[in-house]
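J.: In the UniProt record's numbering, the protein residues as written are 1 to 204. Cβ coordinates follow ideal geometry from the N, Cα and C atoms, glycine included. This one's a predicted model, so the numbers in the text were calculated from it and none came from an experiment. Take this structure first; my questions come after.
Right, here's the structure in full:
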């Protein structure tokens, strides 16, 4: 039996992970590497007037948006549609916290498997998703999810094109920490986040 003790500021040597760990311990180590990568990638904002190399910590500037449950005829019925608004919600509208968008209501029997965020340009959809990812990576929210993979549509299309590509091969391209992984494991709860899809891609 292999025993592992980690400190959040001292990552495990990756060569040790690949050579020594098996089974659930291996997946926990991969999850830890993925979270470390996402914390670094999504913990800061580099947009706006920041000079190249300058950044602002996400937690210092993030403002919670009004997240409103809604419906839109442009997607299939099983999709949970979430509107992100900067205005105050109107009477009768159901508001939820962004981190709770995949948590079903008490009267909801089926789990929420797919979500779509809508909102005008500049309202903060991308930053809100960034905060969702960062909170998971920090261990603050949605710890029932085993893996989160943010995948921008534009880069997927440019990287793959017409080539046949398995899901694992796709993840290897975007997340090098996943290279040793041959499968995500039976029973794993995985969230894929596709950023900025076009209207034609939503209809497919």
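In whole angstroms, what is the alpha-carbon distance linking residue 142 and residue 158?
T.: Looking at the two C-alpha atoms, the distance is approximately 31 Å.
J.: Would you call residue 2 buried or exposed, if buried means 16 or more other Cβ atoms sit within 10 Å of its Cβ?
T.: Note that residue 2 scores a pLDDT of 45, beneath 50, so its modelled location is shaky; the value from the coordinates is reported in the next line. That one is exposed.
J.: Inspect the CB distances between the region 139-156 and the region 181-196 and report whether three or more fall short of 8 Å.
T.: yes
J.: Let me know if residue 73 comes out buried or exposed under the rule of 16 or more other beta-carbons within 10 Å of its beta-carbon.
T.: Annotation note: pLDDT 39 at residue 73 (below 50); position unreliable, no value reported.
J.: First and last residue of the alpha helix (DSSP H) that includes residue 126?
T.: 125-137
J.: Beta-carbon within less than 7 Å of residue 39's beta-carbon, same chain only, minus the 5 sequence neighbours each way: which residues are those?
T.: 134, 137 and 138
J.: Among 28, 64, 165 and 26, which one has its Cα closest to the Cα of residue 129?
T.: Of the candidates 28, 64, 165 and 26, the one whose C-alpha sits nearest the C-alpha of residue 129 is 64.
J.: What residues are listed by DSSP as bridge partners for residue 149?
T.: Per DSSP, 192.
J.: For residue 98, count the other beta carbons within 10 Å of its own beta carbon; 16 or more makes it buried, fewer makes it exposed. Which is it?
T.: buried
J.: Going by the CB atoms, is the gap between residue 101 and residue 115 shorter than 8 Å?
T.: yes
J.: In this structure, what does DSSP give as the bridge partners for residue 57?
T.: 44
J.: Is residue 156 helix, strand or coil by DSSP?
T.: helix
J.: CB-CB under 8 Å to residue 44, same chain, minus the five flanking residues each way: which ones, in chain order?
T.: 55, 56, 57 and 58
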